[in-house]
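4 protein chains.
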Amino acid sequence: MASKFYAIVIGAGTGTGTAAARRFAQAYPVVLMARSRASYQDAVDGINASGGTAVGVDADAADPASLKAAFARVRDELLPGHRLAAAVYNVGANFKRAPFLEAKVEDFDSSVAGNARGLFLFAQQTIPLLLESANAASPPHPPTLLITGATASMRGAANCAGFAAGMTARRALGQSLAREFGPRGVHVAHAVIDGVIDIPRTKGYNVNEGVEGGKLDPDAIAESYWHLHTQPRSAFTQELDLRPYVEKF
Amino acid sequence: MASKFYAIVIGAGTGTGTAAARRFAQAYPVVLMARSRASYQDAVDGINASGGTAVGVDADAADPASLKAAFARVRDELLPGHRLAAAVYNVGANFKRAPFLEAKVEDFDSSVAGNARGLFLFAQQTIPLLLESANAASPPHPPTLLITGATASMRGAANCAGFAAGMTARRALGQSLAREFGPRGVHVAHAVIDGVIDIPRTKGYNVNEGVEGGKLDPDAIAESYWHLHTQPRSAFTQELDLRPYVEKF
Amino acid sequence: MASKFYAIVIGAGTGTGTAAARRFAQAYPVVLMARSRASYQDAVDGINASGGTAVGVDADAADPASLKAAFARVRDELLPGHRLAAAVYNVGANFKRAPFLEAKVEDFDSSVAGNARGLFLFAQQTIPLLLESANAASPPHPPTLLITGATASMRGAANCAGFAAGMTARRALGQSLAREFGPRGVHVAHAVIDGVIDIPRTKGYNVNEGVEGGKLDPDAIAESYWHLHTQPRSAFTQELDLRPYVEKF
Amino acid sequence: MASKFYAIVIGAGTGTGTAAARRFAQAYPVVLMARSRASYQDAVDGINASGGTAVGVDADAADPASLKAAFARVRDELLPGHRLAAAVYNVGANFKRAPFLEAKVEDFDSSVAGNARGLFLFAQQTIPLLLESANAASPPHPPTLLITGATASMRGAANCAGFAAGMTARRALGQSLAREFGPRGVHVAHAVIDGVIDIPRTKGYNVNEGVEGGKLDPDAIAESYWHLHTQPRSAFTQELDLRPYVEKF
Chain A
1 MASKFYAIVI
11 GAGTGTGTAA
21 ARRFAQAYPV
31 VLMARSRASY
41 QDAVDGINAS
51 GGTAVGVDAD
61 AADPASLKAA
71 FARVRDELLP
81 GHRLAAAVYN
91 VGANFKRAPF
101 LEAKVEDFDS
111 SVAGNARGLF
121 LFAQQTIPLL
131 LESANAASPP
141 HPPTLLITGA
151 TASMRGAANC
161 AGFAAGMTAR
171 RALGQSLARE
181 FGPRGVHVAH
191 AVIDGVIDIP
201 RTKGYNVNEG
211 VEGGKLDPDA
221 IAESYWHLHT
231 QPRSAFTQEL
241 DLRPYVEKF
Chain B
1 MASKFYAIVI
11 GAGTGTGTAA
21 ARRFAQAYPV
31 VLMARSRASY
41 QDAVDGINAS
51 GGTAVGVDAD
61 AADPASLKAA
71 FARVRDELLP
81 GHRLAAAVYN
91 VGANFKRAPF
101 LEAKVEDFDS
111 SVAGNARGLF
121 LFAQQTIPLL
131 LESANAASPP
141 HPPTLLITGA
151 TASMRGAANC
161 AGFAAGMTAR
171 RALGQSLARE
181 FGPRGVHVAH
191 AVIDGVIDIP
201 RTKGYNVNEG
211 VEGGKLDPDA
221 IAESYWHLHT
231 QPRSAFTQEL
241 DLRPYVEKF
Chain C
1 MASKFYAIVI
11 GAGTGTGTAA
21 ARRFAQAYPV
31 VLMARSRASY
41 QDAVDGINAS
51 GGTAVGVDAD
61 AADPASLKAA
71 FARVRDELLP
81 GHRLAAAVYN
91 VGANFKRAPF
101 LEAKVEDFDS
111 SVAGNARGLF
121 LFAQQTIPLL
131 LESANAASPP
141 HPPTLLITGA
151 TASMRGAANC
161 AGFAAGMTAR
171 RALGQSLARE
181 FGPRGVHVAH
191 AVIDGVIDIP
201 RTKGYNVNEG
211 VEGGKLDPDA
221 IAESYWHLHT
231 QPRSAFTQEL
241 DLRPYVEKF
Chain D
1 MASKFYAIVI
11 GAGTGTGTAA
21 ARRFAQAYPV
31 VLMARSRASY
41 QDAVDGINAS
51 GGTAVGVDAD
61 AADPASLKAA
71 FARVRDELLP
81 GHRLAAAVYN
91 VGANFKRAPF
101 LEAKVEDFDS
111 SVAGNARGLF
121 LFAQQTIPLL
131 LESANAASPP
141 HPPTLLITGA
151 TASMRGAANC
161 AGFAAGMTAR
171 RALGQSLARE
181 FGPRGVHVAH
191 AVIDGVIDIP
201 RTKGYNVNEG
211 VEGGKLDPDA
221 IAESYWHLHT
231 QPRSAFTQEL
241 DLRPYVEKF
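Residue numbers (UniProt numbering), protein chains in the order written: chain A, 1 to 249; chain B, 1 to 249; chain C, 1 to 249; chain D, 1 to 249.
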């Protein structure tokens, strides 16, 4: 009997997280993780209502105990006997611009916690599961860990020190994991989201406002995540950028 | 009446070029260009035999007159009334390792000619056509210029000065074009092919030899090219890398 | 009367830190900071014995209270009335290679603490002092914050996830600070030390062993730090690499 | 008897070239090369008038025969018996912004010729001489090839395709040479000049105009070139950037 596979998205309550969950739900049952039910429940209901299978689990990526408990619940209660096909790390510790001398070390700490430490912990939970899947009889696609990045993953900008610190650390973690686990069949890829994502919260943002397609459609991001997941192991992408056509870069 | 669209691949006689032509032929008539009929005829015949539509045209990318004549033939004789949906620059000036003091300036010249100057000329032919398509009623996907790159597009290695010079120049051309024509609706993307491509000519290469998936499957590359082409303009990728899972990087 | 200027090196107990202190002591009184007196005392004594002026102060860069107390001591007791000419962040949270699945989150935490959070805190202490110096009548050279980086500042490698996370974050902090405070006259520069440093502790390292000049001479690093400090504001370097001539890169 | 050493600057007629020649003339006789005497004669006279030793030679870097003749003249007539200590490639093929569709392939060709092909040829002349010096009894500093780069060496910008192609190729050549000849004792370094140079020709440029230090002082660039030359082989820099403190980057 063929193995049953599933996908996990953590940071599932955002535009990109929800879209990724919806996209992967076309192929797998999906687990949506976020710190609170309020973040994921609508998306879970939406997927289930449109013929997919979704469950939500409370989890704080930066808290080892919380994360461990969440994965145990998935394994023991929610999707017993399933194997992990894909995991998406989409936690975003809130971006905050501030002059450096007004920034608090707590801003630095929370950026690192959500943007990098959480990925470290999430990878320690998911990599063993992805390795198991890689060794399983017939995973539909190479098991994949996908990481959402940002412009700040590439360099530090003025008034943005803490955020860039967390995001560059996150990217470096992804590179380390790709180099260590790629040869063992696990695909680790990082997407540099360079622009404003088109979600209700960003309606007011004065960036490419009023230009059709001037903000990133989360479903388009999710489609590229799905493509990354389907790449055969002879041609893995480690990193791609995604930005609106009108974005300066 | 809806416009009719087509795709062009130059450097069509290689593994990647042929695979890209086959992939795009699932959606469009394709034009295969190479310096000699011997390079493209089998691929043209194969596509036509399997239900696609393909034509071949002799063209030397680095020679303005040759290229101009080839595009005129496409426009006037082969696919009159069609619009350009996608163009793939896949010309590869032969990679040759040599100690720098034994290299000839002719090696430098031929690398630049095929790897960069040809792209400059090809873009001057195709960008106006892609802009027209972007402004046409309903292109199926944003008009796209795809550029095949290599490890040497990213940096210069020892014994590889001329090749890296041509390939980094090629990448820079792609970045310039993306920044200039992205905002006008033309998608310009560069793929860094980091590894040996699995084609008859590389059978003897002692790189990941005997490892299944240790060389890049050209069809997998082509599938990522197709994905790039289908990205909506709210989420364009300018660059991605592609490498076998076992490749060191 | 001309202002009196001084320099601070934190992480002063290592090869690079000691060498930087010695070099800057040719021009300024220097403060050597490290977590324990044992780390800096010999260097302090050496500088004082050879005609320079040095003081040592216990400080833990990753601990805000410790750092704040150390800077208060410098200001109030050790060098009252002096202005800060240059600050060197040379704290190195110990590099440890380990397979990712054997790594502890504590390794990640300690890398981030020493390699990045400490810089955040050190910069919050030193940037205000450097801005004051920039506005002072006549600083001998543009006030400078120098940051010691490593190969892992540039990318994540296999078995090296936590270290690379901390070091890339450190580099990003430096870039953010350079972009924010450069225009206000403070020079922030990052040196990528790519190779093994030639100190007693690395004698056994099997890297370029026995090759003269195959490891980085700390005094040579210090000389480049001094050069960075002396650059006029019309030509600031933000980043340079330093490696032994035989190092592969 | 100790060897006598000299330095060469090609592209000697510009702000940076002249300043480099003056700086190296404090230590060595210098040869200034440019396409015409008008470009270098004032600088040659200035150096000789202030106690240095300078000679000028007509040479077109992109023309193999011209370059070969120039080096033969230096060896046989001008500085017989001398060894090469440092060579500076400072040729700048004129930067020209133009919409890509209005650019001519001749612009691409002339950028590549001056910015990259010339370096290829210059390196084929100078590397053998620098290797000889590296093996000589006691070169004062590791023999050095210095390459002037620009912002466009790092990436392609809109309206700047040809220039970026030539400059990225130039940088890649430098990287290849550094990796091949560093281990043999020749130091190859590339300086990314990111900003407008403060020379009479740029007086009108509306970039940081009126800001003191807002343009790069050529003498400051030259001082960093001299520092690169003096680095011992245990700590070579391959690349540094140089920009005015107020420059956005």
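All C-beta atoms, glycine included, are put in the ideal place defined by N, C-alpha and C.
It should be emphasised that the depicted structure is a prediction, and the values quoted were computed from it without experimental measurement.
Rounded straight-line distance, which links the Cα of D/Gly56 to that of D/Gln41: 7 Å
Below-8 Å beta-carbon distance, B/Gln238 vs any chain D residue: no
For B/Asn159, the nearest candidate out of D/Phe181, D/Thr151, D/Asn159 and D/Ala62 (CA to CA): D/Phe181
Boundaries of the beta strand (DSSP E) in which A/Ala54 is found, first to last residue: Ala54 to Asp58
Start-end ranges of the beta strand (DSSP E) lying completely within the stretch 108-168 of chain C, minimum 3 residues: 144-150
Proximal residues of chain C, C-beta to C-beta of A/Ala172 below 7 Å: Simply Arg155, Gly156, Ala164, Ala165 and Thr168.
Nearest candidate by alpha-carbon position, reference A/Arg155, set C/Pro128, C/Arg179, C/Leu242 and C/Leu78: Comparing Cα-Cα distances from A/Arg155 to each of C/Pro128, C/Arg179, C/Leu242 and C/Leu78, the minimum goes to C/Arg179.
Identity of the residues DSSP links to B/Leu242 by a beta bridge: B/Ile193
Meets three-Cβ-pair contact criterion under 8 Å: the stretch 128-143 of chain B and the stretch 3-13 of chain B: yes
Within chain A, the residues that B/Leu177 reaches when beta carbons sit closer than 8 Å: Ordered by position in chain A, no residue passes the 8 Å Cβ test against B/Leu177, which lies about 13 Å from the chain.
Residue range of the beta strand (DSSP E) that includes D/Lys68: Here D/Lys68 belongs to no beta strand (DSSP E); instead the alpha helix (DSSP H) covers Pro64 to Arg73.
Terminal residues of the beta strand (DSSP E) in which D/Ala86 lies: Per DSSP, D/Ala86 is one residue of the beta strand (DSSP E) stretching across His82 to Tyr89.
Supposed close pair C/Val91, C/Gly118 - CB separation, criterion 8 Å: 5 Å
Straight-line gap, D/Pro244 to D/Tyr205 (C-alpha atoms, nearest Å): 14 Å
D/Phe236 in three-state terms, based on DSSP: strand
Interface residues of the stretch 137-151 of chain D facing chain B [CB-CB below 9 Å]: Listed by position along the chain: nothing, the set is empty.
Min CB distance D/Gln125 to chain B below 8 Å: No, no contact with chain B.
Residue range of the unbroken alpha helix (DSSP H) whose run includes D/Ile199: Counting along the chain, D/Ile199 falls outside any alpha helix (DSSP H), and DSSP gives it neither H nor E.
Within chain A, the residues that B/His190 reaches when beta carbons sit closer than 8 Å: Correct list: empty, because the minimum Cβ distance to chain A is about 11 Å.
Short CB-CB distance (under 8 Å) between C/Asn159 and chain A: Output row for C/Asn159: interface = yes.
Listed by chain order, chain A residues near C/Ala116 by CB distance under 7 Å: Residues of chain A whose Cβ lies closer than 7 Å to the Cβ of C/Ala116 are, in chain order, Ala165.
Near-chain B residues of the stretch 55-78 of chain D (beta-carbon distance less than 7 Å), N- to C-terminal order: Pro64
Chain C contact for A/Ala20 (CB, 8 Å cutoff): no
For D/Asp30, three-class secondary structure by DSSP: A quick correction: the sequence has Val, not Asp, at residue 30 of chain D. Three-state DSSP puts D/Val30 in a strand.
Euclidean distance between Cα positions of A/Gly46 and B/Thr151: 43 Å
Contact the stretch 206-214 of chain B vs the stretch 13-28 of chain B: 3+ CB pairs below 8 Å: Counting Cβ pairs under 8 Å, fewer than three are found: no touch.
Chain-ordered neighbours of A/Pro128 on chain C, where CB pairs are closer than 8 Å: Leu101
Cβ-Cβ separation, D/Val192 to D/Glu239 (assumed contact under 8 Å), whole Å: 7 Å
Beta carbon proximity, B/Glu180 to chain D, threshold 8 Å: yes
Residue burial classification, C/Lys104 (beta-carbon count within 10 angstroms, cutoff 16): A residue is called buried once 16 or more other Cβ atoms fall within 10 Å of its Cβ, and C/Lys104, having fewer, is exposed.
Given B/Ser153 as reference, the closest of D/Ile147, D/Thr168 and D/Phe236 once Cα atoms are compared: Among D/Ile147, D/Thr168 and D/Phe236, the Cα nearest to that of B/Ser153 belongs to D/Thr168.
Beta strand (DSSP E) segment containing C/Phe100, residue limits: Here C/Phe100 belongs to no beta strand (DSSP E), and DSSP marks it neither H nor E.
C-alpha gap between C/Gly174 and A/Gly149, whole angstroms: 20 Å
Residues that D/Val188 bridges to, as DSSP identifies them: D/Leu145
Closer than 8 Å to chain A by CB, B/Val9: no
Where the beta strand (DSSP E) containing A/Ala7 begins and where it ends: Lys4 to Ile10
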